[in-house]
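K.L.:
One structure, as structure tokens, below. Some questions next.
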Amino acid sequence: MLLQISEPGIKAPKPRRIAVGIDLGTTHSLVATVNDQGPQVLEDGQGRVLLPSVVHYRADRAVDVGHDAMAWQNDDPENTFVSVKRFMGRGRDDLPERHGAPYRFADTPGMVQFETQAGTVSPVQVSAEILKALRERAIQALGDEIAGAVITVPAYFDDAQRQATKDAAKLAGLEVFRLLNEPTAAAVAYGLDQAAEGVYAVYDLGGGTFDISILKLTRGVFEVLATNGDPALGGDDFDRAVYDWLLRETATPAPTAGDARRLLTAARAAKERLSEQSTAQISTPLSNGSVVKCSLSRETFDALTEDLVKRSMAPVRKALRDAGLSIGDIKGVVLVGGATRMPCIRKAVADFFQQQPLVDLDPDKVVAIGAALQANALAGNRGDDDWLLLDVIPLSLGIETMGGLTEKIIPRNSTLPLARAQEFTTWKDGQTAMSIHVVQGERELVSECRSLARFELRGIPPMVAGAARVRVTFQVDADGLLSVSAAEQTSGVEAKIEVKPSYGLNDADITRMIEDSYKHAQDDIEARRLREQKVEALRLLEATEAALAEDSELLSADELAIITEGMQVLKQAVDGTDWEAIKKAADALNEASTEFAGRRMDHSIKKALAGQKLEELDA
Amino acid sequence: MTPEATRNYFELFQLPPLFQLDLDQLDRQYREMQARVHPDKAAHLSDTEKRLFLQWATLANEAYSTLKRPLDRARYLLRIHGVDTREEDNTAMPAEFLLEQIEWREELHAAMALKSLTALDSLAARLRTEMNSLLGSLATLLDVERRHPAAADVVRQLAFLEKLGRDIDQAQTELEE
Chain F
0 MLLQISEPGI KAPKPRRIAV GIDLGTTHSL VATVNDQGPQ VLEDGQGRVL LPSVVHYRAD
60 RAVDVGHDAM AWQNDDPENT FVSVKRFMGR GRDDLPERHG APYRFADTPG MVQFETQAGT
120 VSPVQVSAEI LKALRERAIQ ALGDEIAGAV ITVPAYFDDA QRQATKDAAK LAGLEVFRLL
180 NEPTAAAVAY GLDQAAEGVY AVYDLGGGTF DISILKLTRG VFEVLATNGD PALGGDDFDR
240 AVYDWLLRET ATPAPTAGDA RRLLTAARAA KERLSEQSTA QISTPLSNGS VVKCSLSRET
300 FDALTEDLVK RSMAPVRKAL RDAGLSIGDI KGVVLVGGAT RMPCIRKAVA DFFQQQPLVD
360 LDPDKVVAIG AALQANALAG NRGDDDWLLL DVIPLSLGIE TMGGLTEKII PRNSTLPLAR
420 AQEFTTWKDG QTAMSIHVVQ GERELVSECR SLARFELRGI PPMVAGAARV RVTFQVDADG
480 LLSVSAAEQT SGVEAKIEVK PSYGLNDADI TRMIEDSYKH AQDDIEARRL REQKVEALRL
540 LEATEAALAE DSELLSADEL AIITEGMQVL KQAVDGTDWE AIKKAADALN EASTEFAGRR
600 MDHSIKKALA GQKLEELDA
Chain G
0 MTPEATRNYF ELFQLPPLFQ LDLDQLDRQY REMQARVHPD KAAHLSDTEK RLFLQWATLA
60 NEAYSTLKRP LDRARYLLRI HGVDTREEDN TAMPAEFLLE QIEWREELHA AMALKSLTAL
120 DSLAARLRTE MNSLLGSLAT LLDVERRHPA AADVVRQLAF LEKLGRDIDQ AQTELEE
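So the sequence lines, in the order shown, correspond to chains F and G. Quick note: the first sequence uses numbering that gives the first Met the number 0, first residue 0, plus one each step. Quick note: the second sequence uses numbering that gives the first Met the number 0, first residue 0, plus one each step.
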């Protein structure tokens with residue numbers, strides 16, 4: 000069913016649009032693509048596929064990424080960022096007491112910022128450096144510009160963390176086709192590889208995040224039934240457990256930041272060796288010349304990390320219950336993430352699900368491969384025979400009501416995209432503005448949920464108290480990102496919305512960062528805008544031509560003439576060098592074909608659903 | 000034509016407006032529709048089309064989740080027939096039903112006090128049986144006898160039981176933590 004069947008003589012094969020899948024991980028990141036041989040994980044110039052998610056800022060503002068940056072982490076820990084994913088969309092108050100990070104935090108509200116020798120940077124900028132390196136790698140390997148990317152995020156990421164990831168991609172100059180949940184990406188890679196059918200659990204323990212997703216796979220449809228997780232549980236925590244034990248066991252006094260880094264690296268290496276052997280020797284020289292030496296057995300390691308393993312099982316039970324399923328309903332369990340190589344994890348998962356987990360695909364690569372497959376489909380390289388992903392919102396959305404309580408407006412595990420409308424009224428005569436506080440989480444108290452944003456509604460027509468009816472629509476798109484619109488019902492006046500994200504960056508911040516980044520690059524922002532507008536315009540022309548070829552009978556002669564005229568204007572603009580003229584012409588053509596697009600959609604749905612019913616009668 | 004112009008969810012999926020809906024057929028029609036309108040299908044199209052797909056896919060999800068869940072489906076059918084279930088302000092219930100509610104609640108509290116997951120599990124199972132029996136009478140009232148006000152009474156009772164189910168679920172979650 001999933002093979003692409005070409006129909007000779009109907010359409011010439013279109014050139015493949017280059018799309019990549021990116022696994023932006025806590026400890027390392029990967030980029031993959033699909034070519035004629037199938038999905039491929041891309042290597043750097045030295046044949047390495049894993050890019051360490053490490054970024055180092057030099058005093059002259061030059062940036063080292065990946066292996067080059069790792070070399071700095073012992074000697075310059077304050078300017079070398081590891082596991083920055085843990086800080087995405089997070090404020091100072093969200094960080095655990097002992098996050099173990101040697102960074103200097105800037106005193107700013109909202110998302111954390113780091114002071115470096117190259118100035119203040121946000122986790123979004125640090126992540127953007129990793130994405131830029133992967134983008135460069137892909138351009139080198141594929142020899143062409145990237146049309147777009149699918150970037151994976153933990154399924155349990157909230158709105159602020161997702162928005163931060165998307166902003167990082169924007170800064171890195173990537174067009175984001177979609178943010179895809181990591182376990183869902185893994186399910187795509189597995190499902191297509193093994194032609195799986197039935198209900199599967201994906202247990203994804205990465206470097207810093209844990210996800211569990213329950214998916215139903217049926218004939219090319221991947222339907223997420225429930226997802227849960229712990230956004231602050233990962234392989235890093237196992238390293239830290241070993242590190243703490245190491246200090247206790249060898250009675251080492253509080254180490255310097257550089258020594259702490261060395262010992263953490265040694266702890267991680269010991270953990271990794273214990274996946275293959277029953278004991279691991281540790282011997283790490285410190286900056287004062289002394290050497291930390293000891294031996295760690297697998298039994299001790301299992302005892303040290305027992306609580307961490309247990310912690311991952313509570314979300315598993317919750318997800319099963321949300322899906323309305325019991326263990327017997329699960330046909331297979333897929334392990335994803337490097338941390339699932341630990342024997343204690345494999346045993347805990349096998350014991351819980353009463354079956355051996357599936358490990359056929361490399362747990363480090365499976366997410367990037369799934370993302371690449373999806374990116375290829377989203378780029379339109381496949382035609383109509385591709386699969387369908389139905390994913391869910393991981394955490395409920397609510398608004399603050401009287402007394403600091405949460406009123407849920409969108410329950411967790413609802414299928415995306417979705418929208419809910421809610422009516423509000425004024426409580427004072429002549430009131431023309433109101434504020435809505437949106438939070439995410441399952442708790443009753445607002446203070447125990449994540450604050451996402453405050454929406455200020457302005458321009459409500461003045462009326463007596465309680466007379467205005469403001470209908471606020473909360474829309475969550477396929478990336479799991481929230482947007483809000485509002486209109487006063489009795490007057491029809493659209494309220495103006497000002498968004499104050501609690502932990503995100505606003506559009507002005509992003510624009511400023513993009514412009515800043517050009518001050519330090521050879522590339523010129525005007526040239527980039529022109530290039531982007533041309534790509535966009537050519538895409539629009541191609542799509543409009545295809546639409547006319549299929550459905551022009553849905554248009555009157557006049558309507559057809561207006562659209563054809565719009566195409567002519569755009570074609571002329573594309574040949575020029577004025578990006579603003581191209582944008583204007585593209586907007587006009589979009590506007591002119593809105594009605595046409597709506598009619599085509601309506602027509603296609605009616606036909607498809609009626610056809611579906613006829614097939615059933617035949618069967 | 001905008002997705003909002005569609006008259007009702009049953010017509011949207013080309014299904015008969017019945018409480019006893021063929022759920023397999025609903026699944027198939029929903030997937031057929033999402034295969035055409037999901038935003039993933041518009042990632043390479045224009046902004047106008049992206050917006051259109053988003054609207055349609057949102058509508059398809061709303062319609063599907065309404066028709067799939069029996070209680071929501073019943074409420075929706077009653078709304079089509081012009082009957083408001085008035086669950087916020089109409090709390091009039093048969094005395095017998097209210098007594099049962101008190102017993103359920105007492106059992107829930109007892110199970111929570113004992114911290115017994117088994118007791119909570121069996122309570123949840125019994126609640127499902129009770130709800131299924133009420134859904135059975137709802138089917139007769141809606142599809143066969145067409146007694147809409149009586150059906151609205153049963154919907155209100157089911158809403159009570161559903162709330163109880165959520166509280167049991169919450170208790171289970173807290174115990175596991």
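For each residue, glycine too, the CB sits at the ideal point set by N, CA and C. Just so you know, these numbers come straight off a predicted model, no measurement behind them.
Where leucine 540 (chain F) and valine 33 (chain F) are concerned, what is the direct C-alpha to C-alpha distance, given to the nearest angstrom?
P.N.:
Along the first sequence, one-based indexing puts residue 540 (chain F) at 541. Along the first sequence, one-based indexing puts residue 33 (chain F) at 34. For leucine 540 (chain F) and valine 33 (chain F), the distance between alpha carbons rounds to 25 Å.
K.L.:
Does chain F have any CB closer than 9 Å to the CB of asparagine 60 (chain G)?
P.N.:
The residue you call residue 60 (chain G) lines up with position 61 of the second sequence. Closer than 9 Å to some Cβ of chain F, the Cβ of asparagine 60 (chain G) qualifies, so yes.
K.L.:
Is alanine 170 (chain G) close to chain F, meaning its C-beta is less than 9 Å from at least one C-beta of that chain?
P.N.:
Working through the second sequence from its first residue, we reach residue 170 (chain G) at position 171. Judged by the 9 Å Cβ criterion, alanine 170 (chain G) is not in contact with chain F.
K.L.:
Apart from the five residues just before and just after leucine 17 (chain G), which ones in its own chain have a Cβ nearer than 6 Å to its Cβ?
P.N.:
Here residue 17 (chain G) refers to the residue found at position 18 when the second sequence is read from its first residue. So the qualifying residues of the chain are Asp142.
K.L.:
What residues in the stretch 288-322 of chain F have a beta carbon less than 8 Å from any beta carbon of chain G?
P.N.:
If the cut-off is 8 Å between Cβ atoms, the stretch 288-322 of chain F has Ala313, Arg316, Lys317, Arg320 near chain G.
K.L.:
Quick one: list the residues of chain G neighbouring leucine 388 (chain F), beta-carbon separation under 9 Å, in chain order.
P.N.:
Locating residue 388 (chain F) in the first sequence gives position 389, counting from the first residue. Correct list: His37, Asp39.
K.L.:
Could you give the residue range of the beta strand (DSSP E) that holds alanine 148 (chain F)?
P.N.:
For the purposes of this step, residue 148 (chain F) is taken as the residue at position 149 of the first sequence. Element bounds for alanine 148 (chain F): 147-152.
K.L.:
For glutamate 305 (chain F), which residues in the same chain have their Cβ closer than 7 Å to its Cβ, ignoring the five residues on either side in sequence?
P.N.:
Counting from 1 along the first sequence, the entry for residue 305 (chain F) is found at position 306. Hits under 7 Å: none found.
K.L.:
Could you give the C-beta distance for leucine 174 (chain G) and leucine 116 (chain G), rounded to a whole number, given that I count them as a contact under 8 Å?
P.N.:
Translated into the one-based positions of the second sequence, residue 174 (chain G) becomes position 175. Translated into the one-based positions of the second sequence, residue 116 (chain G) becomes position 117. Contact holds; Cβ gap of about 6 Å.
K.L.:
How do the stretch 53-73 of chain G and the stretch 146-163 of chain G stand: do at least 3 beta-carbon pairs fall below 8 Å, yes or no?
P.N.:
A contact exists between the stretch 53-73 of chain G and the stretch 146-163 of chain G.
K.L.:
Under 8 Å Cβ-Cβ, which residues of chain F neighbour methionine 32 (chain G)?
P.N.:
Here the question's residue 32 (chain G) lines up with position 33 in the second sequence. Near methionine 32 (chain G) (Cβ distances below 8 Å), the residues of chain F are Ile604, Ala607, Leu608.
K.L.:
Identify which residue in F:Met566, F:Arg598, F:Phe595, F:Ala596 has its Cα closest to the Cα of lysine 583 (chain F).
P.N.:
Residue numbering aside, residue 583 (chain F) sits at position 584 when the first sequence is read from its first letter. Comparing Cα positions, the closest option is F:Met566.
K.L.:
Would DSSP call glycine 327 (chain F) helix, strand or coil?
P.N.:
Position 328 of the first sequence, counting from 1, holds the residue named residue 327 (chain F). Helix, per DSSP.
K.L.:
By the 8 Å beta-carbon criterion, what residues does the stretch 466-489 of chain F contribute toward chain G?
P.N.:
Against chain G - using a Cβ distance shorter than 8 Å - the residues of the stretch 466-489 of chain F are Gln474, Asp476, Ala477.
K.L.:
Looking at C-alpha atoms only, which residue of F:Ser482, F:Val366, F:Leu415, F:Trp426 is the closest neighbour of methionine 153 (chain F)?
P.N.:
What you label residue 153 (chain F) is simply residue 154 of the first sequence in a count that begins at 1. In the sequence as presented, methionine is not what sits at residue 153 (chain F); that position holds proline. Checked all of F:Ser482, F:Val366, F:Leu415, F:Trp426; the closest Cα to proline 153 (chain F) is F:Val366.
K.L.:
Measure the alpha-carbon distance for alanine 477 (chain F) versus arginine 218 (chain F) and round it to whole angstroms.
P.N.:
What you label residue 477 (chain F) is simply residue 478 of the first sequence in a count that begins at 1. What you label residue 218 (chain F) is simply residue 219 of the first sequence in a count that begins at 1. The alpha-carbon atoms of alanine 477 (chain F) and arginine 218 (chain F) are separated by roughly 21 Å.
K.L.:
To the nearest angstrom, how far is the alpha carbon of methionine 111 (chain G) from that of alanine 148 (chain F)?
P.N.:
Here residue 111 (chain G) refers to the residue found at position 112 of the second sequence. Here residue 148 (chain F) refers to the residue found at position 149 of the first sequence. Those two C-alpha atoms are separated by around 49 Å.
K.L.:
Look at the Cβ atom of phenylalanine 209 (chain F), then the Cβ atom of methionine 341 (chain F), and state whether they are nearer than 9 Å.
P.N.:
In the first sequence, the residue the question calls residue 209 (chain F) occupies position 210. In the first sequence, the residue the question calls residue 341 (chain F) occupies position 342. No; because the gap between Cβ atoms is not below 9 Å, this pair is not in contact.
K.L.:
Rank F:Gly88, F:Pro108, F:Ala376, F:Arg260 by C-alpha distance to the C-alpha of valine 53 (chain F) and give the top, closest one.
P.N.:
Numbered from 1 along the first sequence, position 54 holds the residue referred to as residue 53 (chain F). When only C-alpha atoms are compared, the closest one is F:Arg260.
K.L.:
Hey, leucine 394 (chain F) and tyrosine 155 (chain F): beta-carbon distance below 9 Å or not?
P.N.:
Here residue 394 (chain F) corresponds to residue number 395 of the first sequence, with the count starting at 1. Here residue 155 (chain F) corresponds to residue number 156 of the first sequence, with the count starting at 1. Yes, Cβ-Cβ distance for leucine 394 (chain F) and tyrosine 155 (chain F) is below 9 Å.
K.L.:
Which residues does DSSP pair with isoleucine 435 (chain F) in a beta bridge?
P.N.:
The count along the first sequence starts at 1 and reaches residue 435 (chain F) at position 436. The partner list for isoleucine 435 (chain F) (beta bridge, DSSP) reads F:Phe454.
K.L.:
Label aspartate 39 (chain G) either buried or exposed according to how many other C-beta atoms from any shown protein chain fall within 10 Å of its C-beta, with 16 as the threshold for buried.
P.N.:
Position 40 of the second sequence, counted from the first residue, corresponds to residue 39 (chain G). It counts as buried.
K.L.:
For the ligand NAD, is there any heavy atom lying closer than 8 Å to the beta carbon of arginine 272 (chain F)?
P.N.:
The ligand NAD is not among the ligands present in this structure, which contains no ligands whatsoever.
K.L.:
Just curious, the alpha helix (DSSP H) that valine 348 (chain F) is in, first and last residue?
P.N.:
Position 349 of the first sequence holds residue 348 (chain F). Its alpha helix (DSSP H) spans residues 342-352.
K.L.:
Of the choices F:Gln139, F:Ile145, F:Ala127, whose alpha-carbon is the least far from that of alanine 163 (chain F)?
P.N.:
Walking along the first sequence from the start, residue 163 (chain F) turns up at place 164. Taking only the C-alpha atoms, the option nearest alanine 163 (chain F) is F:Ala127.
K.L.:
Cα separation between arginine 457 (chain F) and alanine 432 (chain F)?
P.N.:
Numbered from 1 along the first sequence, position 458 holds the residue referred to as residue 457 (chain F). Numbered from 1 along the first sequence, position 433 holds the residue referred to as residue 432 (chain F). So the alpha carbons of these two residues sit roughly 4 Å apart.
K.L.:
Of all Cβ atoms in chain G, is any one closer than 9 Å to the Cβ of glycine 8 (chain F)?
P.N.:
As a first step, residue 8 (chain F) must be located in the first sequence, where it is residue number 9. Note that glycine 8 (chain F) has pLDDT 40, beneath the 50 cutoff, so the model's placement of it is unreliable and no number is given.
K.L.:
Can you tell me whether glutamate 422 (chain F) is helix, strand or coil according to DSSP?
P.N.:
The count along the first sequence starts at 1 and reaches residue 422 (chain F) at position 423. Strand, per DSSP.
K.L.:
Taking aspartate 23 (chain G) as part of the alpha helix (DSSP H), name the residues at either end of that continuous run.
P.N.:
Translated into the one-based positions of the second sequence, residue 23 (chain G) becomes position 24. Per DSSP, aspartate 23 (chain G) belongs to the alpha helix (DSSP H) from 22-36.
K.L.:
With 16 other CB atoms within 10 Å as the buried threshold, where does glycine 37 (chain F) fall?
P.N.:
Position 38 of the first sequence holds residue 37 (chain F). With fewer than 16 Cβ atoms within 10 Å of its Cβ, glycine 37 (chain F) is classed as exposed.
K.L.:
Starting from arginine 470 (chain F), follow its DSSP beta bridges and name the residues at the other end.
P.N.:
The count along the first sequence starts at 1 and reaches residue 470 (chain F) at position 471. Partner(s): F:Glu422, F:Ala486.
K.L.:
Going by beta carbon distance, what residues of the same chain come within less than 7 Å of arginine 161 (chain F), once the five residues before and after it are set aside?
P.N.:
Translated into positions along the first sequence, residue 161 (chain F) becomes position 162. Within the same chain, arginine 161 (chain F) has close Cβ partners Val152, Leu178, Asp478, Gly479, Leu480.
K.L.:
One question on the structure: do glutamate 487 (chain F) and arginine 511 (chain F) come within less than 9 Å of each other, judged by their Cβ atoms?
P.N.:
Residue numbering aside, residue 487 (chain F) sits at position 488 when the first sequence is read from its first letter. Residue numbering aside, residue 511 (chain F) sits at position 512 when the first sequence is read from its first letter. In this structure, arginine 511 (chain F) does not lie closer than 9 Å to glutamate 487 (chain F) by Cβ.
K.L.:
With a cut-off of 9 Å, does the C-beta of arginine 538 (chain F) fall near any C-beta of chain G?
P.N.:
By one-based count along the first sequence, residue 538 (chain F) stands at place 539. So, interface residue.
K.L.:
Specify the secondary structure class of leucine 160 (chain G) as computed by DSSP and reduced to three states.
P.N.:
What you label residue 160 (chain G) is simply residue 161 of the second sequence in a count that begins at 1. Three-state DSSP puts leucine 160 (chain G) in a helix.
K.L.:
Serine 286 (chain F) touches chain G at which residues, Cβ-Cβ below 8 Å?
P.N.:
Indexing the first sequence from 1 puts residue 286 (chain F) at position 287. Neighbours of serine 286 (chain F) on chain G: none; closest Cβ ~42 Å, over 8 Å.
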